[in-house]
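Quick mapping for you: the protein sequence lines, in order, are chains A and B.
Going by numbering that gives the first Met the number 0, 165 is the number at position 166 of the first sequence; the sequence numbering is gapless.
Going by numbering that gives the first Met the number 0, 137 is the number at position 138 of the second sequence; the sequence numbering is gapless.
Okay, structure first, notes after.
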Amino acid sequence: MPTETLSPPVLKQGPAQEISANPTYLEAVAAALDHEMERDPDVFIIGEDVGQFGGAFKVTKGFLDKYGPRRVVDTPIAETGFTGLAAGAALVGLRPVVEFQFADFISCAFDPIINVLARHHWRNGDPMPVTMRAPFGARLRAGPTHSQSVEAYFAHVPGLKIVMPGTPEDVPGLLISSIRDDNPTLFLENKYLYRRLRANGPLSMEPIPLGVAKVVREGRDVSLITYSAGVHQGVEIAQELDKEGISVEVVDIRTVVPLDVETIVNSVKKTSRAVVLHEDSRRLGYGAEIAATIQEEAFWHLDQPITRIAAKDTPIATSPPLEDAIIPQPAEIAETLRKVAKA
Amino acid sequence: MAKTDKKSSTELEGRDPELLRRIYEVMVLTRAVEDRMVAMYRGGDLLGSLYTGHWHEAISVGATAALRADDYVAAIHRDLGAHLWRGMEPWQVMASFMGKATSPTGGRDGTLHYARLDLGFYNLPSHIPANFPVATGMAFAARYRGEDKVCLAFCGDGSTSRADFHEALSIASVQSLPNVFVIENNQYAYSTPLRLTSHSQNFSDKAKAYGIPGVTVDGTDVLAVHDAVAEAVTRARAGDGPSIVEGVTMRMHGHAEHDPADYVVKELYDEYGKKDPVELFENVLLKGGVLDDDAVKKTREDARQAAIAARRKALADPMPDPSNVEEGVYAD
């Protein structure tokens, strides 16, 4: 077959790429992909520049050498095409991992995601085990069409799961669970965290169930419900506020869909105050869903109205002063938490 | 009107008479079931509209008959014949257009969305061209596993305008996937005539852009379709990559039965009225001695009775139970 002529004569042994002693968020993605590809021969990677180039962010660097072009598939710039291809391959038993170069480009594959992948199981009863990885988010001065958060577009759609890890420690367990899941799953990687966050030590490859939130910091006065980059941001601010005598509980929802309502509600029942934080824009951002859920499930426990912190309802700007004015900043988050905690 | 690359194939020598008879039977059954369903639509048996494949029988049956039973198919709403060829029951199709619990999707989807994966078919959404990328995935999976299965995908002239078509063809050609893409050129994309869909003479010319073979055949000539698709299947199975086969025909009914299609140029109806693919093939088989008048009569009557029985069963079948409507959004 033609692709075999592309195969290197001897495939590389050992890890696809070197993982440091304190792995970065990005290395955590690579390590989990490598782990699953070693474990399951039906798992393959497909996307733009994922093979010989190793991906725009180098997540799949070394994978072509280890797994060959049969399992690491470079495609033309054709998001609709390769997402649909993944659906067809999954339909007959493979487990594709699709890489979107930037989450911004996922809109080009909206149709196969919504109308082919998400609805298929409910319509037909067949599993659709497709994992779609996409680096998303702001703070890299990348501008309006290279910085978007996309979870809210997809959270509305029945049949999709949406996973948004906030720490390198959570990345492998959540990615492994996404790949093993029989449903189409969006795995949204915060590209600002790729090389900024490091794990404290070696990574666990133990799967983390989807739909289980994590209380990453216990507190008494106010619950900060957040995900992705909001988690380390929230923890840092909580440590500062601790010095002022304000005790913040930080809840990382980890998966947007399914949402672990119980953990959120238990936290809010304990603190009686809730602040929701994300870097997606405010109007119909996922925070609206979290706030509505808290209102339905824990209204009588609340001492204060639920407060949302989110990006402004504008596109994400390129120039630093403009982008910083749009994305939630530490000072705004700290001030909101103070206000809610003391009120 | 597109020029065809091949002469009409009326030569029967060297062909398996069993295969010829089976192709004829499925074409006749397809026509009988669809005629019956048109009556059902008019009589109010069906839920929404009805999409039929009158004058597409030579393409849907002729192409699918060139496959092995384990090959994959991504068919569209003009291809009832492809499903029947593989063993779909006519009553299941009727049940789908009625939202019955016994339809292949249990009434969750309906109308033209009745394809069965257990027969090797992808059940496409209403976004018809979406089936092309999915078809590349089924072909990709076959090759990934070292199997020599191919995937046959159908689309209409309208679908060729969509990005799905171009992206699927791009990927299939650079990856040399075992796909056969059949374009059913029936002159109209809903109400849009060919001249507003494409500036090319032929849809098979698009193959040149992907560096793959493309051929245009008379889509009312079942053997011409069959031979062209068989050649493309052989090529795909051998690992030599995808091909395009364009079958030129005419959509003899509206886009769906609600559509009077008064925008259609009358001359096209006149021209194609004389080219009923079922009759054309029937005459070839009669002339070639594969069938006699009695066999033709019996085949036609058996098909009519099968359609009547299918309607009876579908009508009597239950509607789905709404109590489980929230189940199955996710696979466990």
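No residue lacks a Cβ here, since even glycine has one placed at the ideal position from N, Cα and C.
Classify residue i as buried or exposed, calling it buried when 16 or more other Cβ atoms lie within 10 Å of its own Cβ.
i: K207 (chain B); result: exposed
i: M163 (chain A); result: buried
i: E325 (chain B); result: exposed
i: H155 (chain A); result: exposed
i: W404 (chain A); result: Here chain A covers residues 0 to 342 and nothing more, so residue 404 (chain A) does not appear.
i: K205 (chain B); result: buried
i: M137 (chain B); result: buried
i: Q232 (chain A); result: buried
i: T144 (chain A); result: exposed
i: G46 (chain A); result: buried
i: A20 (chain A); result: exposed
i: F186 (chain A); result: buried
i: D291 (chain B); result: exposed
i: S318 (chain A); result: exposed
i: E278 (chain B); result: exposed
i: Y222 (chain A); result: Correcting the residue type first, residue 222 (chain A) is Ser in the shown sequence and not Tyr. Under this definition S222 (chain A) is a buried residue.
Taking only the alpha-carbon atoms, compute the straight-line gap between residue i and residue j and give it to the nearest angstrom.
i: V264 (chain B); j: G238 (chain B); result: 42 Å
i: L301 (chain A); j: L240 (chain A); result: 21 Å
i: G244 (chain A); j: A237 (chain A); result: 10 Å
i: T79 (chain A); j: Q303 (chain A); result: 45 Å
i: G47 (chain B); j: D70 (chain B); result: 31 Å
i: F153 (chain A); j: Y226 (chain A); result: 16 Å
i: D171 (chain B); j: P14 (chain A); result: Note that residue 171 (chain B) is Ala in the sequence shown, not Asp. In a straight line, the C-alpha of A171 (chain B) is about 31 Å away from that of P14 (chain A).
i: W84 (chain B); j: E17 (chain B); result: 14 Å
i: T313 (chain A); j: I112 (chain A); result: 25 Å
i: A167 (chain B); j: A315 (chain B); result: 41 Å
i: R138 (chain A); j: G157 (chain B); result: 43 Å
i: A31 (chain A); j: A308 (chain B); result: 56 Å
i: E336 (chain B); j: D163 (chain B); result: One cannot answer for residue 336 (chain B) here, as it falls past the ends of chain B, which runs 0 to 331.
i: G61 (chain B); j: V283 (chain B); result: 14 Å
i: E245 (chain B); j: P317 (chain B); result: 40 Å
i: G218 (chain A); j: A291 (chain A); result: 22 Å
i: A129 (chain B); j: E37 (chain A); result: 32 Å
i: R142 (chain B); j: A100 (chain B); result: 36 Å
i: P132 (chain B); j: Y121 (chain B); result: 11 Å
i: R21 (chain B); j: R122 (chain A); result: 32 Å
i: F33 (chain A); j: D73 (chain A); result: For the record, residue 33 (chain A) in the displayed sequence is Asp; it is not Phe. Distance between the alpha carbons of D33 (chain A) and D73 (chain A): 17 Å.
i: G142 (chain A); j: A117 (chain A); result: 29 Å
i: A64 (chain B); j: E98 (chain A); result: 37 Å
i: K268 (chain A); j: E261 (chain A); result: 10 Å
i: T3 (chain B); j: E205 (chain A); result: 60 Å
i: D78 (chain B); j: P103 (chain B); result: 16 Å
i: G155 (chain B); j: A89 (chain A); result: 25 Å
For my contact list, residue i and residue j are in at a C-beta cut-off of 8 Å; report their separation, rounded to the angstrom.
i: A260 (chain B); j: V179 (chain B); result: Contact flag wrong, Cβ pair sits at about 29 Å.
i: N182 (chain A); j: G158 (chain A); result: 7 Å
i: V32 (chain B); j: A306 (chain B); result: 5 Å
i: E168 (chain A); j: A198 (chain A); result: 5 Å
i: M26 (chain B); j: V173 (chain B); result: Between V173 (chain B) and M26 (chain B) the Cβ distance is about 36 Å, and since that is not below 8 Å, they are no contact.
i: V371 (chain A); j: V215 (chain A); result: Any property of residue 371 (chain A) remains undetermined from this structure, which presents chain A solely from 0 to 342.
Quick one: what's residue i bridged to in DSSP?
i: P192 (chain B); result: B:Y187
i: V162 (chain A); result: A:F186 and A:T254
i: I105 (chain A); result: Answer by DSSP bridge pairing: none, since I105 (chain A) is not bridged.
i: Y71 (chain B); result: B:C150
i: K213 (chain A); result: A:D251
i: E245 (chain B); result: B:I182 and B:T215
i: D239 (chain B); result: DSSP output for D239 (chain B) lists no bridge partner at all.
i: T101 (chain B); result: Per DSSP, none; premise fails for T101 (chain B).
i: A306 (chain B); result: For A306 (chain B), which the question treats as bridged, DSSP gives no partner whatsoever.
With DSSP run on the structure shown, which of helix, strand or coil describes residue i?
i: E3 (chain A); result: Any reading at E3 (chain A) must be qualified, since the residue scores a pLDDT of 49, below 50, and its modelled position is unreliable; the value itself is stated next. The answer is helix: DSSP assigns E3 (chain A) an H, G or I state.
i: V156 (chain A); result: coil
i: T63 (chain B); result: helix
i: M36 (chain A); result: helix
i: M137 (chain B); result: helix
i: H252 (chain B); result: coil
i: G46 (chain A); result: strand
i: M127 (chain A); result: coil
i: E278 (chain B); result: helix
i: A324 (chain A); result: helix
i: G67 (chain A); result: helix
i: D220 (chain B); result: coil
i: L290 (chain B); result: coil
i: T317 (chain A); result: coil
Taking 7 Å as the cut-off, is the beta-carbon of residue i closer than that to any non-hydrogen atom of the ligand FMN?
i: E10 (chain B); result: Among the components of this structure there are no ligands whatsoever, and the ligand FMN is therefore not found.
Show which residues of chain D have a CB atom less than 8 Å away from the CB atom of residue i.
i: F43 (chain A); result: Any reference to chain D falls outside this structure, whose protein chains are A and B.
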